[in-house]
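Note sheet for the following structure.
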Amino acid sequence: GEDVEQSLFLSVREGDSSVINCTYTDSSSTYLYWYKQEPGAGLQLLTYIFSNMDMKQDQRLTVLLNKKDKHLSLRIADTQTGDSAIYFCADASLSNDYKLSFGAGTTVTVRA
Amino acid sequence: GAGVSQSPSNKVTEKGKDVELRCDPISGHTALYWYRQSLGQGLEFLIYFQGNSAPDKSGLPSDRFSAERTGGSVSTLTIQRTQQEDSAVYLCASRPLAGNTGELFFGEGSRLTVL
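These protein sequence lines are chains L and B, in that order.
Residue numbers -11 to 100, in our numbering, belong to the letters of the first sequence in order.
Residue numbers 21 to 135, in our numbering, belong to the letters of the second sequence in order.
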């Protein structure tokens, strides 16, 4: 992976949907990931998408990938207070031994 | 172990001192990565070990940084003559060799504060 960019902050009302956007530059990316980091904790894989897919849905999470525009998004439906965390977008390629390139992280704050 | 274990969880040191940070990866995971997370920054790749191959040190920011992995398991990241800009959370991650999607399993990190 090379450069990965994402917005730094998102504030959302409890029960609404959250959408976090990410752009990347490496056209050889094999997988794209969303990691979640809760306060004082390490990163945990939230979901991933293979580069030949357009969409992946997993319960409240929907990942959309526009490979042409190198744009990745994560939608969290019915956002809950427990979803407050930092969300990192990352990409990696098998050819690069999965050395993930991370964005700076989007801090999501869920307000009641 | 059940997960990636890192120690110490917190380290405060004086400028100019050496520090060692330890990572114990998940048993059986052959690949091990060190990343650095500075305040407001993304994760910066530091170094990567895979089995018995020579490590990829391309992310180490200076020659004050070094890392070893003994017996294909535990890894130690050493920072010599620490500087204030070394203050960060140092994260270790591991993954198995095959049958995976590149998912990295992260430890909780070692927070280093250089005074």
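Glycine included, each C-beta is placed from N, C-alpha and C at the ideal position.
Keep in mind that this is a model prediction, so the values were computed, not measured.
For residue j and residue i, believed in contact at Cβ under 8 Å, the rounded distance
i, j, result
"GLN26/B", "GLY127/B", "4 Å"
"GLY79/B", "PHE65/B", "4 Å"
"GLU26/L", "THR67/L", "Actually they are not in contact, since the Cβ atoms of GLU26/L and THR67/L sit about 15 Å apart, beyond 8 Å."
"ARG89/B", "VAL109/B", "Not a contact, Cβ separation roughly 20 Å."
"ASP46/L", "THR35/L", "5 Å"
"THR11/L", "LYS56/L", "Their Cβ separation, rounded to whole angstroms, is 12 Å, which puts THR11/L and LYS56/L out of contact at 8 Å."
Spatial neighbours of residue i in its chain, beta-carbon cut-off 6 Å, leaving aside the 5 residues before and after
i, result
"ALA80/L", "GLY(-11), TYR19, TYR86, LEU88"
"VAL94/B", "ASP44"
"ILE74/L", "GLN25, GLY93, THR95"
"TYR21/L", "TYR36, ALA78"
"ARG42/B", "SER27, THR96"
"PRO116/B", "HIS49"
Status (buried if at least 16 other CB within 10 Å, exposed otherwise) for residue i
i, result
"PRO45/B", "buried"
"LYS35/B", "exposed"
"LEU135/B", "exposed"
"ASN30/B", "exposed"
"ASP(-9)/L", "exposed"
"VAL98/L", "buried"
"ASN54/L", "exposed"
"ASN84/L", "buried"
"PHE38/L", "exposed"
"ASP106/B", "buried"
"LEU59/B", "exposed"
"GLY62/B", "buried"
"SER17/L", "buried"
"PHE(-3)/L", "exposed"
"SER114/B", "buried"
"GLY48/B", "exposed"
"GLY122/B", "buried"
"LEU60/L", "buried"
Beta-carbon proximity check, residue i vs residue j, cutoff 8 Å
i, j, result
"VAL51/L", "LEU62/L", "yes"
"VAL32/B", "CYS112/B", "no"
"THR98/B", "SER86/B", "yes"
"GLY91/L", "GLY129/B", "no"
"THR50/B", "GLY71/B", "yes"
Close Cβ partners of residue i (< 7 Å) along its chain, the five nearest in sequence each way excluded
i, result
"GLN100/B", "ASP38, ARG84"
"SER(-5)/L", "ASN9, THR94"
"ILE64/L", "SER5, SER6, ARG48, LEU49, ASP71"
"LYS44/L", "THR35, ILE37, VAL51"
"ILE67/B", "TRP54, PRO75, ASP76, LYS77, GLY79, LEU80, ALA87"
"PRO28/B", "SER130"
"GLN104/B", "LYS35, VAL134"
8 Å CB neighbourhood of residue i in its chain, flanking five on each side removed
i, result
"LEU124/B", "TYR53, ALA113, SER114, ARG115"
"THR69/L", "GLU2, VAL98, ALA100"
Worksheet item: the stretch 59 to 91 of chain B: which residues have C-beta closer than 9 Å to a C-beta of chain L, in chain order?
Response: GLY60, GLN61, GLY62, LEU63, GLU64, PHE65, TYR68, GLN70, ASP76, SER78, GLY79
Worksheet item: Given a limit of 9 Å on CB to CB distance, which residues of the stretch 36 to 57 of chain L reach chain B?
Response: TYR36, PHE38
Item to complete: Could you list the residues in the stretch -4 to 23 of chain L with a C-beta less than 9 Å from some C-beta on chain B, going in chain order?
Response: LEU(-4), THR18, TYR19, TYR21, TYR23
Fill in: the stretch 87 to 98 of chain L: positions lying closer than 8 Å to chain B by Cβ
LYS87, LEU88, SER89, PHE90, GLY91, ALA92, GLY93
Fill in: Selection of the stretch 36 to 59 of chain B by Cβ proximity to chain L, strictly under 9 Å
ALA51, TYR53, TYR55, GLN57
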